[in-house]
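*Asks:* Let me begin by handing over the structure; questions about it come next.
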Amino acid sequence: MATTVLEPTRTASLARRSVIVDWLTTVDHKKIGIMYGAWAFIFFIIGGIEALIIRTQLARPEATLVSPDFYNQLFTMHGTTMIFLAVMPLSAMFFNFFVPLLIGARDVAFPRLNAMSLWVFVLGGLFLNASFLFGTAPNGGWFGYAPLSGRQYSPGPHMDFWVLGLQILGIASLAAGVNFFTTILNMRARGMTLMRMPMFVWTTLITQVLVLLSFPVITVALILLMADRLFGSGFFVTAMGGDPMLWQHLFWVFGHPEVYILILPAFGIISEILPVFSRKPLFGYSAMVFSSAFIAFLGFGVWSHHMFSTGMGPLADSFFSLATMLIAIPTGVKIFNWIGTIWGGSLQFKTPLYFALGFIAMFIMGGLSGVMHAVAPADLQQTDTYFVVAHFHYVLFGGSILALTAGAYYWWPKMFGKMLSERLGKLHFWTTMIGFNLTFFPMHFAGLLGMPRRVYTYPSGLGFDVYNMMATVGAFFLAGSILVFIWNVIVTWRSGERAPADPWNGATLEWTIPSPPPMWNFTDEPVVAGKDPVWTLKREAGTRTLPEPVAGDGRGIHMPGPSWWPLVVSIGILSFFVGFMFDKPWAFPFGPVTIVGFLLTTFGTFKWAYEAPDAHATNH
Amino acid sequence: MAFLRVSWRRHLPLGLLALFLVVFLTGCSPEGYPQSTLSPKGDFAELVDAVFMKTVWWATVIFILVEGALLYAVFKFRGKPDDPEPKQVHGSTVVEIIWTVIPAAVLAFVAVPTVQTIFRTAEIPAESPDGQQPLKVEVIGHQWWWEFRYPELGIITANELHVPVGRTVDLRMKTVDVLHSFWTPQFAGKRDVFPNRETRLWFTAQESGSYPGACAEFCGLQHGKMLFLVVASAPAEFDAWVAQRMQDSVTVAPTPVADSTAAEALPTTLAVDPLVAEGEKLFTAKACAGCHSLKAVGGPAVMVGPNLGGIGSRQMIAAGWMKNTDENLKHWIQNPQEVKEGVLMRGYTLSDAEAEALVAFLRTKQ
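Here the protein sequences line up with chains A and B, keeping their order.
For the first sequence, the residue numbers in this note's numbering are 1 to 620.
For the second sequence, the residue numbers in this note's numbering are 1001 to 1366.
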């Protein structure tokens, strides 16, 4: 591995590097984390704009603001973007920036692989969104059901963008999965046993297990679909003996664990924030660990609850109904333990706590409507209606996004050395809560009253009108709350209060180092003797605030050097897949762009593998 | 400002709750919501509704208890920055067991009726409530309309499923293209249709009326306009509808028939109307007949477009999208791509006069 001994001269030479080159070649988990967050936020805004167009179209019945085809592109890209380009990479931002800090490490296990994950994700996301420039964004739904997603019913490049884009993004997720799994198992500080890890590290670990087990399934499914679309095979084409049900099984064997990939990191963030702002340790730590693991395990046994309406037969329906209901038990345990954590505490009402409490309140509702879907006969009425849309937005926005926002307010001081404004933070919270509930609560009624989802318009006279209008008003209100957040970031950036190392009386290791942390994180590698090590430290010192740590100059600390090869490999991977789409198969199924991509990936990997330590050190 | 902040915190949750209650109560009344899942008009939907409402009540109880505990804790345990450290509690095994077992027990109250309902709805009744055999109907999904076939009666129709009240219908479903999902919320839950296997669904209508339904599985460009109607009518009326289909298909011109109801329904003057005659000619000249059969009975077995037997008396056109008025029908056949972009009906032009003639002709297909 390329390593650099940080000498004072070396640090100075690093500072002279062009800022752009620095960020393009960095392998620092913190910079990578910030870039994950920045790109994910950009994609989140794009997905949000798509949602606003959707809501404007649906505000009134029989509207003609957008064409049916563009509407189908919008909802397909909204789902795909929010899942793969917003919530997952926003979680990845926290994995990247905070897992090494929380376990007392100086970087992740494979820093260059980490950079590659980032760039593959960014390029994949840009590729998917580039489809809009050609007017051919994916239009077959984020779930890409066959045979609609096949060549016969979706000619043109729409679904090619989707198949290839998801394939590219899957590589990023798998690489990150390997990386964080290894990091957490191998790079913990001395004394940090598994059962002393902060809960966010636990849920990250479990999330990586889910990624490593579920993404291969979607990878295979996408390869089959790509073969059907581009090479004329018939895995999902009935006329050729294929079966559309195969796609549904493969997709949901991935798709349901994916739900937990989106929510488990949120659980972890909440489990970090509540104890700090209650000044009380997490209630039932081991129960929280085991319930997370149990949720993940059960997550692999419930995929067919997305398929009750396919008529699988009473035995399968019963099995998947009961398995799904079982998930309510460990999920309930988590909610009760969170309430147990704040119970008897001394609640410090800062913005992170507001969002964390908002998360619990909203997630309970998403969980309860989830149990209603587990009742297979009831699901026959609810599936593919706005009731389901309401349900999973309570889980993914009321759950994941609120928790990620809580995490942003909680960890912002550590990431950027500035305190976000509390006043704007609370305004952000209340506008979010009002906008969110006004948008999504009425959708429960629209769904129960019979409004199917994924329709680009609906007739008047069915009673959907008022609920849709409410949801549209709410959506714009919610968009306003995001503007408040952006305003908060700008104000903080320009004139925010400087953050101390430990602004919240934190319990975990990241609060012992300066804000923002130096490149090498910990000047002295920490040793841990129990859970909440920093509280123990402060209790022993008889104080609530430790003296401000000094970053030092990092002399003698070996850190991995920057590298171009992750970016080169990422471009190779992008080119490899894009080639399948733009090289039209003459005699060969692939053409020059794919070959160039393959060669670039191979060459980049080779150079990467043989990159000498300090290859980029200019002065060593 | 301080006053504002206090009143926000106090009154916002209450205000939201009140708003939701108003919304919920208006949502429960059946009038004005013909596609509602909450006012079942058939046995299948009633079974589903019963288990759903049980779940809703449990969910409401749990919602109030858990959100109540959360709110209580939020207001009770407010602290100040310089408050002493609260008691450091790490957990309690007893409490963990309690809040694992209680939800499990509650779930059992939901799980048992769920499994019972799964098995009850899976089984197609051997006998209708009225003692007859269930009426077999084949449902065939098309992009973007529904075809209905009554194999025992030999009737083919589209977008308007007629069923007798009190007699179970046994639906056997397929698609000719992509997946769709057949959904009439007031009668039954959804069932997807596949190109390579037959799916089944059943229900017994309990009240006569017209009930809207919709395709509920995303099926491409016009998924939003793939609607249909279920017309439930008293057995005698249903028999009259069947007789009309038979009668109508024998010959285009009215002839004396034994069945007096059918004879009354056929206006004897229409065939001599020159506009109708012109329309009939156009139906062939403009190649309508290439895709559409006018015979509900005894026509070609497979046609690309919806069967138009009885189109004149259907309530809706364009797969449930528009009311079947002369004006709408004219607009639809003149501008199909404007009404429903992407439909197969294209490649011809109709002048106003031609369209009016065709409408007049189609209107005779009662």
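For every residue, glycine included, the Cβ atom is placed at its ideal position computed from N, Cα and C.
Note that this is a predicted model, so its numbers are computed, not measured.
#1: If I'm right that glycine 367/A touches alanine 328/A with Cβ under 8 Å, what's the distance once you round it to whole angstroms?
#2: Residue range of the alpha helix (DSSP H) that leucine 483/A falls in?
#3: Count the other CB atoms within 10 Å of the CB of glycine 579/A; is the residue buried (16 or more) or exposed (fewer)?
#4: For alanine 1232/B, which three-state DSSP category applies?
#5: In angstroms with no decimal places, state the Cα-to-Cα distance between leucine 274/A and alanine 189/A.
#6: Taking the Cβ atom as the reference point for each residue, do leucine 52/A and alanine 479/A lie within a distance shorter than 8 Å?
#7: What is the DSSP secondary structure of glycine 60/A, counted as helix, strand or coil?
#8: If the cut is a Cβ gap below 7 Å, which residues of chain B does glycine 344/A touch?
#9: List the endpoints of the continuous alpha helix (DSSP H) containing threonine 1121/B.
#10: Taking only beta-carbon positions, decide if isoleucine 273/A is within less than 8 Å of chain B.
#11: Cβ atoms of aspartate 384/A and glutamate 1278/B: under 8 Å apart, would you say?
#12: When Cβ atoms are compared, which residues of the stretch 141-154 of chain A fall closer than 7 Å to chain B?
#13: Could you tell me the distance, in whole angstroms, from the CA atom of phenylalanine 1182/B to the CA atom of phenylalanine 1148/B?
#14: Report, in whole angstroms, the separation of the C-beta atoms of glycine 1166/B and proline 1235/B, which I expect to be a contact under 8 Å.
#15: Anything in chain B within Cβ reach of valine 333/A, meaning under 9 Å, just list it in chain order.
#16: Which partner residues of alanine 1214/B appear in the DSSP bridge assignment?
#17: Tell me whether methionine 443/A is buried or exposed, calling it buried when 16 or more other Cβ atoms sit within 10 Å of its Cβ.
#18: What are the residues that DSSP puts in a beta bridge with glycine 241/A?
#19: Give a yes or no on contact between the stretch 117-124 of chain A and the stretch 60-80 of chain A, applying the rule of three or more CB pairs nearer than 8 Å.
#20: Three-state secondary structure (DSSP) at leucine 624/A?
#21: Does isoleucine 360/A come within less than 8 Å of chain B when only Cβ atoms are used?
#22: Under a three-way DSSP split, which group does tyrosine 285/A fall into?
#23: Tell me whether the beta-carbon of threonine 136/A lies closer than 8 Å to the beta-carbon of glycine 150/A.
#24: Whose C-beta lies closer than 7 Å to the C-beta of leucine 1387/B among residues of the same chain, with five residues either side of it excluded?
#25: Does any CB atom of chain A fall closer than 8 Å to the CB of histidine 1223/B?
#26: Report all residues from its chain with a CB closer than 6 Å to the CB of methionine 1322/B; omit the five preceding and five following residues, and keep chain order.
#27: Who are the neighbours of leucine 462/A on chain B, taking C-beta pairs under 8 Å?
#28: Tell me which same chain residues have a C-beta within less than 7 Å of the C-beta of serine 291/A, skipping the five on either side of it?
#29: From Phe110/A, Leu546/A, Phe161/A, Leu166/A, pick the residue whose C-alpha is nearest to that of asparagine 186/A; which is it?
#30: Mark glutamine 1088/B as exposed unless 16 or more other C-beta atoms lie within 10 angstroms of its C-beta, in which case mark it buried.
#31: Sort out for me which residues DSSP pairs tryptophan 1148/B with in a bridge.
#32: Spatial neighbours of threonine 203/A within its chain, please: C-beta separation below 7 Å, excluding the five flanking residues on both sides.
#33: With a 10 Å radius around its C-beta and 16 neighbouring C-beta atoms as the bar for buried, classify proline 377/A as buried or exposed.
#34: Is DSSP giving leucine 65/A helix, strand or coil here?
#35: Determine the direct distance from the alpha carbon of phenylalanine 598/A to that of glycine 425/A, and round the result to whole angstroms.
#36: Among Ile595/A, Leu347/A, Trp608/A, which has the Cα closest to the Cα of aspartate 1082/B?
*Replies:* Looking at the coordinates:
#1: As a working mapping, residue 367/A is identified with position 367 in the first sequence. As a working mapping, residue 328/A is identified with position 328 in the first sequence. Right, their Cβ atoms sit about 7 Å apart.
#2: Against the first sequence, residue 483/A aligns to sequence position 483. Leucine 483/A: member of the alpha helix (DSSP H) spanning 465-495, first to last residue.
#3: As a first step, residue 579/A is located in the first sequence; it is residue number 579 there, counting from the start. Buried: at least 16 other Cβ atoms inside 10 Å.
#4: Walking along the second sequence from the start, residue 1232/B turns up at place 232. Alanine 1232/B falls in the strand class under three-state DSSP.
#5: Locating residue 274/A in the first sequence gives position 274, where the first residue counts as 1. Locating residue 189/A in the first sequence gives position 189, where the first residue counts as 1. For leucine 274/A and alanine 189/A, the distance between alpha carbons rounds to 24 Å.
#6: Along the first sequence, read from residue 1 onward, the residue named residue 52/A stands at position 52. Along the first sequence, read from residue 1 onward, the residue named residue 479/A stands at position 479. For the 8 Å CB-CB criterion, leucine 52/A and alanine 479/A form a contact.
#7: On the first sequence, position 60 is the one that residue 60/A refers to. Checking the sequence shown, residue 60/A turns out to be arginine, not glycine. In the three-state reduction of the DSSP assignment, arginine 60/A falls in the coil class, being assigned neither a helical nor a strand state.
#8: Numbered from its first residue, the first sequence carries residue 344/A at position 344. For glycine 344/A, the residues of chain B that pass the 7 Å Cβ criterion are Phe1077, Pro1086, Lys1087, Val1089, in the order they occur in the chain.
#9: Stepping through the second sequence from its first residue, residue 1121/B is reached at position 121. Per DSSP, threonine 1121/B is one residue of the alpha helix (DSSP H) stretching across 1093-1122.
#10: The count along the first sequence starts at 1 and reaches residue 273/A at position 273. Chain B places no beta carbon closer than 8 Å to that of isoleucine 273/A, leaving this residue out of the contacts.
#11: Stepping through the second sequence from its first residue, residue 1278/B is reached at position 278. Stepping through the first sequence from its first residue, residue 384/A is reached at position 384. For glutamate 1278/B and aspartate 384/A, no; Cβs fall outside 8 Å.
#12: Residues passing the 7 Å Cβ filter: Gly141, Tyr145, Pro147, Leu148, Tyr153.
#13: Locating residue 1182/B in the second sequence gives position 182, counting from the first residue. Locating residue 1148/B in the second sequence gives position 148, counting from the first residue. Rounded to the nearest whole angstrom, the CA to CA distance from phenylalanine 1182/B to phenylalanine 1148/B is 11 Å.
#14: Counted from its first residue, the second sequence places residue 1166/B at position 166. Counted from its first residue, the second sequence places residue 1235/B at position 235. That pair is a contact at about 7 Å.
#15: Within the first sequence, residue 333/A is the residue found at index 333, counting from 1. In chain order: Glu1096, Trp1099, Thr1100, Pro1103.
#16: By 1-based counting over the second sequence, the position of residue 1214/B is 214. Answer by DSSP bridge pairing, in chain order: Trp1183/B, Leu1227/B.
#17: Numbered from 1 along the first sequence, position 443 holds the residue referred to as residue 443/A. Buried, because 16 or more other Cβ atoms sit within 10 Å of the Cβ of methionine 443/A.
#18: For this step, residue 241/A is matched to residue 241 along the first sequence. Per DSSP, none; premise fails for glycine 241/A.
#19: These segments do not touch.
#20: The requested residue 624/A is not part of the displayed model; chain A covers only 1 to 620.
#21: Against the first sequence, residue 360/A aligns to sequence position 360. Put simply, the CB of isoleucine 360/A is near chain B, with a gap under 8 Å to one of its CB atoms.
#22: The residue you call residue 285/A lines up with position 285 of the first sequence. Secondary structure of tyrosine 285/A (DSSP, three-state): helix.
#23: In the first sequence, the residue the question calls residue 136/A occupies position 136. In the first sequence, the residue the question calls residue 150/A occupies position 150. Cβ distance not < 8 Å, so threonine 136/A and glycine 150/A don't count as in contact.
#24: Any question about residue 1387/B goes unanswered here, given that chain B covers just 1001 to 1366.
#25: Your numbering for residue 1223/B matches position 223 in the second sequence. The C-beta of histidine 1223/B comes closer than 8 Å to at least one C-beta of chain A.
#26: Taking the first residue of the second sequence as position 1, residue 1322/B is located at position 322. Excluding sequence neighbours, methionine 1322/B sits near Asn1328.
#27: Stepping through the first sequence from its first residue, residue 462/A is reached at position 462. Tyr1033, Pro1034, Gln1035, Pro1212, listed in chain order.
#28: Counting from 1 along the first sequence, the entry for residue 291/A is found at position 291. Pro330, Val333, Lys334, listed in sequence order.
#29: Translated into the one-based positions of the first sequence, residue 186/A becomes position 186. Residue Phe110/A is the option with its Cα nearest to asparagine 186/A.
#30: For the purposes of this step, residue 1088/B is taken as residue 88 along the second sequence, with counting starting at 1. Classification for glutamine 1088/B: exposed.
#31: Against the second sequence, residue 1148/B aligns to sequence position 148. Note that residue 1148/B is phenylalanine in the sequence shown, not tryptophan. Beta-bridge pairing links phenylalanine 1148/B to Val1139/B, Thr1157/B.
#32: For the purposes of this step, residue 203/A is taken as the residue at position 203 of the first sequence. Correct list, in chain order: Leu264, Pro265, Phe267, Gly268, Ser292.
#33: Within the first sequence, numbered from 1, the residue matching residue 377/A stands at position 377. With 16 or more other Cβ atoms from the protein chains shown falling within 10 Å of its own Cβ, proline 377/A counts as buried.
#34: Position 65 of the first sequence, counted from the start, is the residue given in the question as residue 65/A. In the structure shown, leucine 65/A sits in coil (DSSP, three-state: anything other than H, G, I, E or B).
#35: Residue mapping note: residue 425/A aligns to position 425 of the first sequence, counting from 1. Residue mapping note: residue 598/A aligns to position 598 of the first sequence, counting from 1. Approximately 47 Å between the Cα atoms of the pair.
#36: Along the second sequence, read from residue 1 onward, the residue named residue 1082/B stands at position 82. Restricting attention to Ile595/A, Leu347/A, Trp608/A, the CA atom closest to the CA of aspartate 1082/B is found in Leu347/A.
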